[in-house]
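Protein chains in written order, with my numbering: chain A, 292 to 721; chain B, 22 to 179; chain C, 3 to 185; chain D, 1242 to 1648. To keep things clear, I will list the structure first and then write my remarks on it.
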Amino acid sequence: MLNYIMSYLGSPLTPGQAGNQFWALIYVLIIFAGVSVVVMAMNWLERKALAHFQIRLGPMRVGPHGLLQPIADALKLMLKEDIIPAEADQFVFWVAPLIGLLAAFTVYTVIPFGPSQAVSDMNIGILFMLGVSSLGVLGIVTAGWASNSHYPLIGALRSSAQMVSYEVAMGLAVVSAILMTSLNTAGTGTLSMIGIVQAQQQQGVWFLFKFFPLGAIAFVIFAIAMVAETNRAPFDLAEAESELTAGFHTEYSGLRWSLFMLAEYAAMLAVSAIAVTLWLGGWMRPFPNLLSGPAWEFIFSLFPGLTFAALAGFTFLGTIRMPSHSFFKIQRIGLGVFGLLLAFIALVLFIIAIAGRNADGSLAARTREGIDYVYWFMFKVAIFMYLFIWYRATWPRYRFDQLMRVGWKVMLPISLGVLILTAIVGVLVK
Amino acid sequence: MVEKYKSQYGSGLEAQTYLGQNYFSVDRSLIPDFLRLLRDEEQFDYCVDITAVHYPKREKQFDVVWILYSFPRNERVRVKTQIADGASIPSSVPIWATANWLEREVYDMFGIQFDGHPDLKRILLPDGWKGFPLRKDYGILQQDKEWVQINLGIESGQ
Amino acid sequence: MNPVLNVGAAPVATPWFFYGLAAAAVISGLLVITRRNAVHSALALIITLLSVAGLYLMLYAPFVAGVQIIVYAGGIMVLFLFVIMLVSIERSVKERQFNRIWPVGLFASCALLALFLSAFSKGKALLPERMVQLAEGTNTEDIAGFLYGRAGRMGEYTFAFEIASLLLLVAILGAVIMTKKKI
Amino acid sequence: MSERTKEQANVLPDPASYVQGTKLDKLTHSTSNLEFETPDHPYLDSNELIINMGPQHPATHGVLRVILKLDGEKVLGTECVIGYLHRGVEKIAENRTYTMFNPYVDRMDYVAAVSNGLGYCQAVEKLLNIEAPPRANYIRVILTELNRIASHQLWLGTHALDIGAMTPLFYTFRDREEILKIFEKYCGARLTTHAFRIGGCQYETYAGFEKEVKNFLTFVAPKIDEYETLLTTNRIWLERTKNVGVISAADAIALGVTGPVLRASGVKWDIRKALPYANYADFDFEIPTGQNGDTYDRYLVRMVEMRQSLRIIEQAVNGIPEGPIMAKVPKVIKPAVGEIYHSIEAPKGELGYFIVSDGSTQPYRLRVRPPSFVNLQALDVMVRGMLVADVVAVIGTLDIVLGEVDR
């Protein structure tokens, strides 16, 4: 229903196909499935990356290099007993994970993976995104309250206070980026996600580097606030393992618990997507102005294929390096097949890149463009996801009062100052 | 120092040395004052340990032992006193805060009462336990069967 | 399928959406005042607010809808819940839901309803036949224009807007002073 | 909070004012008899929350149970409930011969089993009035100091994990493994080593022992730097540990706190220097002290202690003499009637043994003075007025082992 309204709200011109409800539906399904799969992959990647930070191997048993671990995890969580504590508020306990999940997934309706690779282009895109992602905290708060237990309650209190505080700094940082969109001839900015990226395209600079260092400071503030917003280390106070056992989801188990995890990772992806859209040029490839021309265009269009080829190469390397014991035979075959799959994808991507090298509006050219857009967007988001893992491996956890102090006394004044300076510089430049 | 106190307290105090370690055997009646004196006058500011020994054949069944240390003097000393079963002894919590848990443990294991202790209750054993395990008449395999059955729902904890 | 956007005050989408959202708003609004458990009330209030946000969307006011979600559902309600959660449920459930002056309240609300109805029926002629049609897609900019002014001229409500923000600032300062024991 | 701690540092308070174990149920609805300020909104219905931390909790290092009384997140009071791991070690001692009891002491502070064994063996040796031969003493010092490093490494890993830094845990366990390998090669056990015997050591060092210990020294020194790069100047680490769990020197002495916790409060006292045992008097090393007595100082003190231990080991390995490793000890150990107290500087503080002999083959009474037990008593003083997150940090910084607390 929501998407129905959205499609009407969306301008019929952009994003092309998404104005059509049929396409909107397809996009929604693709995104829902895609995000779920990416979350599963993230689960594996986080465990592996974290393990390697910590001189461990991580999952190694289920499938070659633990590749099937997410599937095993998902199965286990689905089959686990679903416990609702007797003293809990049954209905609220039941509905809380759904609120979080709903909020996390609804955000994806406005994320532009490309100029026309989006479900809808609302003219209040960024506002909608902030609003809906702020609803996610309701899931956490109600979960903590409904458990009717002390640790979850403290977790819920912490997370509600934390999210409300960091939203302010986050919002101000976003506003300073939106201000930059208005630096065009018409003098009107935009709240549309696609419009923001297009503004960066027109101005020929990522907002990260605009009015250096103002854009960078706003970006850094957003990057910190988004970690707090998603309850990740070092701001994971709501689920601080060593203090509150598991915080707001202490009493949750099985599928319900996994919904929280799904929501958390989906929210991580969503806020990373906001950061990429606002400051890192969204779907644009690096140096579109400096290194322009068909030749550069072609070179950059090879990147998706190269990435997959590199992954396939690593996989084959792993296959070769596996011990030649009969015990590893099946694992070896599995890893080899996985490598072949990656190589096949790389091959397809290369073929598309070569077939669509002339920007002549043919199907191949449009496909290549679409793949490029999505690839560069995902690539930038992936950097943020890696950062999330890196933070978690490196930093201790903030204490609650310190967290609030950083939020209100450091981030808020800085973001306000950046906002004002951006406005002043914007007027002066004009 | 020994001489000084000997003259002060007379027969209530005896100073001894065994294997190079000094200890005072004092009468029970001197206990809070003498310990306070050791802390204030002789700078025994650190109470290392408080414990007890049970001699069932003696009339005064228990030895209560304070092990003290002085940082300025770099010297250790023990104070011992004898008390009868069921008799109580003044708590040394007002003198050394650390005595709190140590006295609780002595109470827990020997059943010696400390007067003036802020919260004298069992520390290592559960609250409802009967018996004082470190007394010599308490067998090594002995347990509070009733407690085990009520609280753990099993026949025996062993 | 191209959305038809040229009908004057006709809401976007079908009337059924209006009925659905309105019903959701009214029912959850009733739940807000009838639930004994304060947290349930708060959750129902969130549904009310979201339904109203949906109605704003239908009236071509996406900006207002977005702000409604951010400010009310995302911000204020979280703070509401924050406070409510600390209240002991056992006691609030036992408390009487309506106090003695409920006839007064009933009378006041009936009077208000009558006032609205009479204003609507008698003053119908005063209301414009059709609402000003805002160009779809620039609606947000129009609001900005009203509040801050467009290129070259002051907005219609700039002064009122600034006064309101000043009022809020005073309120914030007052709240800080009231809660702080020593400054 | 900071004002309170400042006050504490300046004035030597009456010890009775911070006695532990104030009954929590009595205080549930009033804060009048607690020494700190009342909540900011007394008119709001701010029920104090009573939270049960443990005995199964990720950050209580075993089966410690702490009952916390909270106002929001602020700790109004704590009560420790211990004894879940009580095995009656002292009772067992009365029913075992001196030799038979030796392995039991390893089970108390199981992360520093070698230190426990050293303390016990030396106490009995003192009671018998014999001395271990020099070579045995050197071996003892090497193994004990290795054990101190291992214990501190385990402490660092778990402490950092409590504060939220996951990674140091794995680094410290990786390096602790090298120490355990040396133990395993020397005496066949990794954790509960039973390395020493009354009168000396039973085992001669294995071939290549010295080389392996020297290799370990060169291996572990950069690793300690590695831990420090992760934590020492980390902003979040500093904020989480500075001015957290402050205990003044006067308080620390009154509460009988020993070991690194005491030294971090500024008291330069280490039994290895004050009352040297084994042959610690032969070695050149320093005792690190802190100034503020906060969690960060305790962290720094332990880090320096690890380096000082390396220094001691280096000197010991280079100077290890030839000779017998066992003193002349009678087959059946029957000390004369008498009593003895002997204590050593275990990684956690003063570990003492008070042995009463009645002339038989079994101790008449054996009392262990456990450092963890006494240090844990300071928890209440250290966390009052702080936040829940600090309770976890302070439990970590006290470096308690529940096997030793409960015995």
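Each residue gets a CB set at the ideal place from its N, CA and C atoms; glycine is no exception.
Around D/W1396, no beta-carbon contact reaches into chain A at under 9 Å, the shortest distance being about 15 Å. Taken through DSSP and simplified to helix, strand or coil, B/K101 comes out as strand. A distance below 8 Å separates the beta carbons of D/S1356 and D/N1388. Within the DSSP secondary-structure output, B/Y39 pairs in a beta bridge with B/Q42. Taking 9 Å as the upper bound on Cβ-Cβ separation, chain B lies near residues G1579, E1580, I1581, Y1582, H1583, S1584 of the region 1559-1587 of chain D. Look at the beta carbons and you see the region 1511-1530 of chain D touching the region 1556-1574 of chain D: at least three pairs across the two are nearer than 8 Å.
One thing to note: A/Q493 has its Cβ within 8 Å of the Cβ of A/N475. In this structure, the CA atom of A/V428 is about 14 Å from the CA atom of A/T397.
If you look at D/P1529, you'll find it isn't in any beta strand (DSSP E); DSSP assigns it neither H nor E. Residue range 1501-1505 is occupied by the alpha helix (DSSP H) that includes D/P1501.
Counting the other Cβ atoms within 10 Å of the Cβ of A/F382 gives fewer than 16, which makes it exposed. In this model, B/T72 and D/V1609 are separated by some 9 Å (Cα to Cα). Straight across, the Cα-Cα distance linking D/G1626 with D/K1310 is about 11 Å. If you draw a 10 Å sphere on the C-beta of D/R1648, you find 16 or more other C-beta atoms in it, and that means buried. D/Q1443 carries a coil assignment under DSSP once its states are collapsed to helix, strand and coil. Neighbours of A/A684 across chain D, judged by C-beta separation under 8 Å: M1407, T1408. Assigned with DSSP and collapsed to three states, C/Y159 falls in coil, not helix or strand. Within the DSSP bridge table, the entry for D/K1310 names D/I1291, D/G1318 as partners. With a cutoff of 8 Å on beta-carbon distance, D/A1505 and D/V1542 are scored as near each other.
Proximity of chain A to D/E1480 at the Cβ level (cut-off 8 Å) is accounted for by Y689, R690, Q693, in chain order. Look at the beta carbons and you see the region 563-571 of chain A not touching the region 604-622 of chain A: under three pairs across the two are nearer than 8 Å. Between A/L632 and A/F599, the alpha-carbon positions lie close to 10 Å from each other. The three-state reading of DSSP puts B/A108 in coil, since its state is none of H, G, I, E or B. Going by C-alpha positions, A/Q345 is about 12 Å away from D/G1398. Here D/T1459 is exposed. Its C-beta has fewer than 16 other C-beta atoms within 10 Å.
Secondary structure within the region 1371-1411 of chain D: not one fully enclosed beta strand (DSSP E) run of 3 or more consecutive residues is present. Contact annotation: in the region 90-107 of chain B, residues whose CB is within less than 8 Å of a CB in chain D are F92, N95, R97, R99.
When C-alpha distances from B/V86 are compared across B/H75, B/F131, B/D140, B/R99, the shortest belongs to B/R99. A check of alpha carbon separations from A/A434 across A/A379, A/V319, A/F498, A/M331 identifies A/A379 as the nearest.
The C-beta distance from D/I1323 to A/P687 rounds to 27 Å, too long to fall under 8 Å, and the pair is not in contact.
Distance between C/I71 and C/L52, taken at the CA atoms: about 7 Å. At a Cβ-Cβ threshold of 8 Å, D/D1511 and D/E1586 count as neighbours. Within a 10 Å sphere around the beta-carbon of A/N649 sit fewer than 16 other beta-carbons, which makes this residue exposed. For A/E534, the closest Cβ of chain D is nearer than 8 Å.
Sixteen is the threshold: when 16 or more other Cβ atoms of the shown chains lie within 10 Å of the Cβ of A/R659, as they do, the residue is buried. Around A/A714, the same chain offers L470 as residues with beta carbons nearer than 7 Å, after the five sequence neighbours per side are excluded.
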